[in-house]
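Structure record follows, encoded as structure tokens.
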Amino acid sequence: MTTGSATTVMPPTSGTSRGSKGSGASSVQGGWRLGDAVLGLACRGSAALLALMLIALIGVLLHSAWPAIKQFGPGFLVSSEWRANEIERPLRDAAGAVVIRDGEVVTETLAPAFGALPVIWGTAVSSLIALVVAVPISLGAAIFLVRVAPKLRIAGAASFLIEFLAAVPSLAFGVWALFVLAPFFQEHIGPWLLRTFGEVHALRWMFYEKVTVAGRTIERPIALTGRDLLSGSLILAIMILPIITSVSRDVLRTVPRAQIEGTLALGATWWQSCMAMLRYGRSGLLGAIMLGLARAAGETMAVTMVIGNNNQISPSPFAPAQTMASVLANEFGEATEGLHRAALLYIALILLAMSLVFNVIARRLVVGRAARSPGS
Amino acid sequence: MRSIAEIRRRSISTMMFVLCAAGAALIVSLLLLVSGYLVWIGISSLSWEFLTAVPTGDVSNPGGMRHAIDGTIILVALASAVGVPVGVLAGVYLSEYSSEHVATGTLRFVADVLTGVPSIVVGILGYELVVVPVSRMTQSAVSFSGYAGAAALAFIMIPIVARTTEEMLRLVPRTYREGSLALGATRAQTIFRVVLPGAFGGIATGVMLAMGRIAGETAPLLFTALGSRLLTHNPAEPFPSLTLQIYTYATGPYPEQKRLAWAGLLVLLALLFVVNLSIRIVASRHARTRVGA
Amino acid sequence: MSRAILLVLALGQMLVSLAGAADVRLSGAGATFPAPLYTRWVAEYEKTHPDVKIDYRSIGSGGGVKALIDKTVAFGATDAPLTEKEIAAMGGTDAVVQFPATLGAVVPAYNLPGVSKPLNFTGAVLADIYLGRISTWDDAQIKQLNPDVNLPKTPITPVFRTDGSGTTHVFTSYLATQSPEFKGEVGLGKQVKWPLGQGGKGNEGVAAAIQQTAGAIGYIEHNYAVANKIAYGAVKNKAGKFVLASTQSVSAAGDASSDGMKGTVLRADAWNAAGDESYPISAFTYIVLYKQLDNIKSANEATALLGYLRWTLGPGQKFAPEMDYAPLSEKVRAAANAAISASTHQGKAIPANP
Chain L
810 MTTGSATTVM
820 PPTSGTSRGS
830 KGSGASSVQG
840 GWRLGDAVLG
850 LACRGSAALL
860 ALMLIALIGV
870 LLHSAWPAIK
880 QFGPGFLVSS
890 EWRANEIERP
900 LRDAAGAVVI
910 RDGEVVTETL
920 APAFGALPVI
930 WGTAVSSLIA
940 LVVAVPISLG
950 AAIFLVRVAP
960 KLRIAGAASF
970 LIEFLAAVPS
980 LAFGVWALFV
990 LAPFFQEHIG
1000 PWLLRTFGEV
1010 HALRWMFYEK
1020 VTVAGRTIER
1030 PIALTGRDLL
1040 SGSLILAIMI
1050 LPIITSVSRD
1060 VLRTVPRAQI
1070 EGTLALGATW
1080 WQSCMAMLRY
1090 GRSGLLGAIM
1100 LGLARAAGET
1110 MAVTMVIGNN
1120 NQISPSPFAP
1130 AQTMASVLAN
1140 EFGEATEGLH
1150 RAALLYIALI
1160 LLAMSLVFNV
1170 IARRLVVGRA
1180 ARSPGS
Chain H
4 MRSIAEIRRR
14 SISTMMFVLC
24 AAGAALIVSL
34 LLLVSGYLVW
44 IGISSLSWEF
54 LTAVPTGDVS
64 NPGGMRHAID
74 GTIILVALAS
84 AVGVPVGVLA
94 GVYLSEYSSE
104 HVATGTLRFV
114 ADVLTGVPSI
124 VVGILGYELV
134 VVPVSRMTQS
144 AVSFSGYAGA
154 AALAFIMIPI
164 VARTTEEMLR
174 LVPRTYREGS
184 LALGATRAQT
194 IFRVVLPGAF
204 GGIATGVMLA
214 MGRIAGETAP
224 LLFTALGSRL
234 LTHNPAEPFP
244 SLTLQIYTYA
254 TGPYPEQKRL
264 AWAGLLVLLA
274 LLFVVNLSIR
284 IVASRHARTR
294 VGA
Chain Y
15 MSRAILLVLA
25 LGQMLVSLAG
35 AADVRLSGAG
45 ATFPAPLYTR
55 WVAEYEKTHP
65 DVKIDYRSIG
75 SGGGVKALID
85 KTVAFGATDA
95 PLTEKEIAAM
105 GGTDAVVQFP
115 ATLGAVVPAY
125 NLPGVSKPLN
135 FTGAVLADIY
145 LGRISTWDDA
155 QIKQLNPDVN
165 LPKTPITPVF
175 RTDGSGTTHV
185 FTSYLATQSP
195 EFKGEVGLGK
205 QVKWPLGQGG
215 KGNEGVAAAI
225 QQTAGAIGYI
235 EHNYAVANKI
245 AYGAVKNKAG
255 KFVLASTQSV
265 SAAGDASSDG
275 MKGTVLRADA
285 WNAAGDESYP
295 ISAFTYIVLY
305 KQLDNIKSAN
315 EATALLGYLR
325 WTLGPGQKFA
335 PEMDYAPLSE
345 KVRAAANAAI
355 SASTHQGKAI
365 PANP
């Protein structure tokens, strides 16, 4: 990075300005000297605001989530119960029989319980599926943009389209997924999948769900509605394509020409030289993927519209699910009960921490890569 | 004669070439698919009424989205009024005050971190930091407001503008600054008359990009501006935006409102397309003049 | 930054209050379930009382009660009657006035192409559907209730509300009376943990999910289903009759369940009411205020508030059926008026006529 070199450009202004300016300009100059002070203050203040914003973000979330953090601790991360209401029910003994004392049924009261595991599961699985789908396509497209497109003189147009895709708001993808992708899946792909694979025993977990109520487990077919984990993941994949592609493209561009020409001269095929490029840029590419992951994990609107919004952990990609971001969009507005609200803020905090970690690692990888390469 | 291994090597290469091209083609066709569908349905739903009328409350004849268009313009303007100057000044600090390298290094990192905050989290912060305290102070039931929405959008905007400004200022040759300072200009003069004008095109691009980004945001507004069916220009009230209205209509059951949602998306996307295209033009012109200079 | 915002905000509010200095402004907040009717009431009332401006924000029952406890509104609106904890937070039973404003109903709405006649349900069957016990539409239990309907083999997708709501409270409260298993496993409340199914936000979200998914069933407000022409079924009442939700059947349920309404904190559970005519998933929705209206600035405003509330219980009731809510019976209205009249402002009784 060039941080160090820029420092030398800025000598103290007072020393150089004295001799070279005419006396007529001195009052104006005095104004500008005051200007220096004001500008310095404004710049420092604005920059300090950045720090203040981050502190406020973490501080406010931490403060508001505190009741839930105190109540649930780290166990919040692995608890799968998410229930905002109290349940009063007959107490059952180990054998499952209702406990009766003094001729009356003894009742137990279950307090509201909140655990983040279902939404962490939903976020992790949907982001992973999205990455599996998006990464090969993005890397392929990035290679195409760097190696092929310039020769065809379409690099500019293709880059523009991909950057425009990155600027399309997630709402647009959500609406498209809701009205085009989900119905298409429900009407065409779903029935076809059921016909073809529905009876395959090894894939039963995909098409049937187990519902356990009062100790009785029932297996029932999952309705293929197109509003499920898979749809949510696919729309995420589409949404992270542009960012992974454009960052990968930038990373691959920094691979020295000599590197490519060298491998070709040694008799490597086109693909082998591409592999060499990918190897050379691997840490930057990993950064690009992490950026995609960060975006996928924090994405809200499009996912909320098609993921089905059920806080459950189901192995099937066709079951409705919920992500950290979508549970916030769904429940935060009406969550007036103290602990419920605090639990949601706890989730917001986890989401924040997660995306910060992904982003920081990603930037380290991409920037580290770019800094080492010449001419970036 | 070529060996089997060689043929295999070549054919793998050809296959991968095709796959790479297919990847690029897939992305482009996805874009065309999504936006083509949008334009197709959107245009048939777009009307003069859409741009000028406000919601009627009658679901079979829902009126237009004038209130939401106005709302988005006002929200973006308010957010930019805070976000652009603060962002640019912070960017100037990061680039021009790099002698304070511990601070600039840390703050650059902070800005990067802030650009990665999920927008729904920003919305929740807006609720906790603006809506709740204002409710308490003004003794009103809930103070969802355009100001809260604009504050959330500014939160997203500031780090983006700061980082782009910094990047763009770095592109201004060092010799310009040295020359200006050597002629006796103060630091403020140098920054305002030499450095900032030199990077103007790039900064303008970054600002427009950031404005486009916040115009398309929904999640930060859910719990801050809240949305409104009414035409209002008073940001102290719950405030409409194009994105919130599209979300409400799209997730609702009324077919006529869904048509409005498509039309709204078309308007939003057309806006972003124009912004992106002009950025492209400005940026390439900027690049050319820099090379020329 | 936020200080500047506050400043501008304060200025804006000053301007607003200057402009409307002559008017009485009252604010209320709460339930979304009766919000369409409340909005209509305000519009109708302001026609004849142009000097009174009422701002009702449908932010959810919980939010409304919280706002009232914080004394930031003149009145709150809630679907679930106040809990003991909430009453204590307001200062105990003697400090609170709670009365029903209207009656609403929740209906089981579904999407079954080819089925045109309203289906029959029982509470137990609905509970089993939501517990996952009944998984296809041609299940024997549903067939038994609908012998002359050709039911498809389509899997059932239950749809529920993801946001906290009075609608969920009413529906789960009813199911809890019909199925001990539902009561013990899912329980009742504004927001519960459903064992399976799709979630939708708000009535709109649930209705949209039903419309887009063949085989879906969901619970939505009666007026919403009617306004949007969504098919819904009849439910077997306590007397063993299958009844469709209608203004009459919901009013009947209200009549049958209102005997216990006395004092200033009125409440009655209208679900699973007795009577041949009663629709079983009916519920009162309530307005809540302080008995000592000291959260209200002037006696003038307190008079205006009571004037409006009395109007809603009198002439206002005729708008309820137009909006597919059920009007209150004579008896309930009398009890409600008596409860309101117990209110005082700064220790003084509030005159009856505004």
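In order, the protein sequences belong to chains L, H and Y. Mapping of the first sequence onto the numbering used here: position 172 corresponds to residue 981, and the numbering continues sequentially without gaps. Mapping of the second sequence onto the numbering used here: position 223 corresponds to residue 226, and the numbering continues sequentially without gaps. Mapping of the third sequence onto the numbering used here: position 255 corresponds to residue 269, and the numbering continues sequentially without gaps. Using N, Cα and C, we set each Cβ at its ideal position, and we do this for glycine too.
Simplified DSSP assignment, three categories, for residue i
i	result
residue 911 of chain L	coil
residue 223 of chain H	helix
residue 301 of chain Y	strand
residue 164 of chain H	helix
residue 923 of chain L	strand
residue 163 of chain Y	coil
residue 992 of chain L	helix
residue 834 of chain L	Interpretation of residue 834 of chain L is limited by its pLDDT of 49, a score under 50 that renders its predicted location unreliable; the figure taken from the coordinates is listed afterwards. Residue 834 of chain L: helix per DSSP, three-state reduction.
residue 858 of chain L	helix
residue 846 of chain L	helix
residue 810 of chain L	Reliability fails at residue 810 of chain L, whose pLDDT of 35 lies under 50, so the model's placement of it is uncertain and no value is given.
residue 233 of chain H	coil
residue 1019 of chain L	strand
residue 151 of chain Y	coil
residue 8 of chain H	helix
residue 874 of chain L	helix
Check whether residue i and residue j have beta carbons under 7 Å apart
i	j	result
residue 980 of chain L	residue 1110 of chain L	yes
residue 349 of chain Y	residue 275 of chain Y	yes
residue 5 of chain Y	residue 70 of chain Y	It is not possible to answer for residue 5 of chain Y, since the shown part of chain Y is limited to 15 through 368.
residue 1052 of chain L	residue 1104 of chain L	yes
residue 222 of chain H	residue 123 of chain H	yes
residue 1115 of chain L	residue 1135 of chain L	no
residue 922 of chain L	residue 890 of chain L	yes
residue 111 of chain Y	residue 305 of chain Y	yes
residue 1240 of chain L	residue 1055 of chain L	Past the edges of chain L, shown from 810 to 1185, lies residue 1240 of chain L, and the structure says nothing about it.
residue 30 of chain H	residue 1050 of chain L	yes
Cβ-heavy atom distance, residue i to the ligand ATP, below 6 Å
i	result
residue 961 of chain L	As presented, the structure is devoid of all ligands, the ligand ATP included, so that no description of it is given.
Query raised in the report: Which of the residues in the stretch 92-126 of chain Y, read from start to end, lie with their CB under 9 Å from any CB of chain H?
Result: none
**Report entry** Meets three-Cβ-pair contact criterion under 8 Å: the stretch 230-243 of chain H and the stretch 1135-1152 of chain L
**Finding:** no
Requested in this report: Could you say if the stretch 275-294 of chain Y and the stretch 317-337 of chain Y meet the contact criterion of at least three C-beta pairs nearer than 8 Å?
Outcome: no
Report task. Write down every uninterrupted run of the alpha helix (DSSP H) in the stretch 180-214 of chain Y whose length is 4 residues or greater and which is fully enclosed by it, in chain order. Result -> 180-192 and 194-199
Query raised in the report: Any chance the stretch 112-122 of chain Y sits against the stretch 193-208 of chain Y, with 3 or more Cβ pairs inside 8 Å?
Result: The stretch 112-122 of chain Y is not in contact with the stretch 193-208 of chain Y.
Query raised in the report: For the stretch 52-79 of chain Y, which segments carrying the beta strand (DSSP E) assignment without a break, of at least 3 residues, lie completely within its bounds, in sequence order?
Result: 66-72
Query raised in the report: Can you give, in chain order, each stretch of the alpha helix (DSSP H) that sits fully within the stretch 252-319 of chain Y and has at least 4 residues?
Result: Those alpha helix (DSSP H) runs which fall completely within the stretch 252-319 of chain Y and span 4+ residues are 261-271.
Query raised in the report: Between the stretch 40-53 of chain H and the stretch 262-277 of chain H, are three or more C-beta pairs nearer than 8 Å?
Result: yes
Query raised in the report: Hey, is the stretch 209-216 of chain Y in contact with the stretch 90-109 of chain Y, meaning 3+ C-beta pairs nearer than 8 Å?
Result: no
Query - Those runs of the alpha helix (DSSP H) which lie wholly inside the stretch 1041-1084 of chain L and span at least 4 residues - result: 1066-1074
Query raised in the report: Would you call the stretch 309-324 of chain Y and the stretch 189-204 of chain Y in contact, with 3 or more CB pairs under 8 Å?
Result: no
Query raised in the report: How about the stretch 154-171 of chain Y and the stretch 223-232 of chain Y: do they share at least three Cβ pairs that are nearer than 8 Å?
Result: yes
Report task. Output, in sequence order along the chain, the residues in the stretch 880-895 of chain L whose CB is closer than 8 Å to any CB in chain Y. Result -> 890, 891, 892, 893, 894 and 895
**Report entry** Members of the stretch 14-37 of chain H near chain L, C-beta cut-off 9 Å
**Finding:** Identification of residues in the stretch 14-37 of chain H having a C-beta nearer than 9 Å to some C-beta of chain L yields 15, 16, 17, 18, 19, 20, 22, 23, 24, 25, 26, 27, 28, 29, 30, 31, 33, 34, 35, 36 and 37, given in sequence order.
Query raised in the report: Is the stretch 176-185 of chain Y close to the stretch 71-91 of chain Y, with three or more CB pairs under 8 Å?
Result: yes
Report task. With 7 Å as the C-beta to C-beta threshold (strictly closer), list the residues of the stretch 113-144 of chain H near chain L in chain order. Result -> 113, 114, 115, 116, 117, 119, 120, 121, 122, 123, 124, 127, 128, 131 and 132
Query - Members of the stretch 250-261 of chain H near chain Y, C-beta cut-off 8 Å - result: 251, 254, 255, 256 and 257
Query raised in the report: Got a sec: which bits of the stretch 231-255 of chain Y sit with their beta carbon under 9 Å from any beta carbon on chain H, in order along the chain?
Result: Near chain H, meaning a CB-to-CB distance below 9 Å, the residues of the stretch 231-255 of chain Y are 238, 241, 242 and 244.
Query raised in the report: Between the stretch 1017-1034 of chain L and chain Y, which residues of the former have a C-beta closer than 8 Å to a C-beta of the latter?
Result: 1018, 1020, 1021, 1022, 1023, 1027, 1029, 1030, 1031, 1032 and 1034
Query raised in the report: Can you list, in chain order, the residues of the stretch 1142-1163 of chain L whose Cβ is nearer than 7 Å to any Cβ on chain Y?
Result: Cβ proximity to chain Y below 7 Å picks out 1142, 1143, 1144, 1145 and 1146 from the stretch 1142-1163 of chain L.
Report task. Would you be able to state if there are at least three C-beta pairs under 8 Å between the stretch 271-279 of chain H and the stretch 960-973 of chain L? Result -> yes
Query raised in the report: Residue ranges of each alpha helix (DSSP H) run of no fewer than 4 residues wholly in the stretch 241-288 of chain H, ordered along the chain?
Result: 245-254
Query - Touch test, the stretch 909-922 of chain L against the stretch 890-901 of chain L, Cβ-Cβ under 8 Å, three pairs minimum - result: yes
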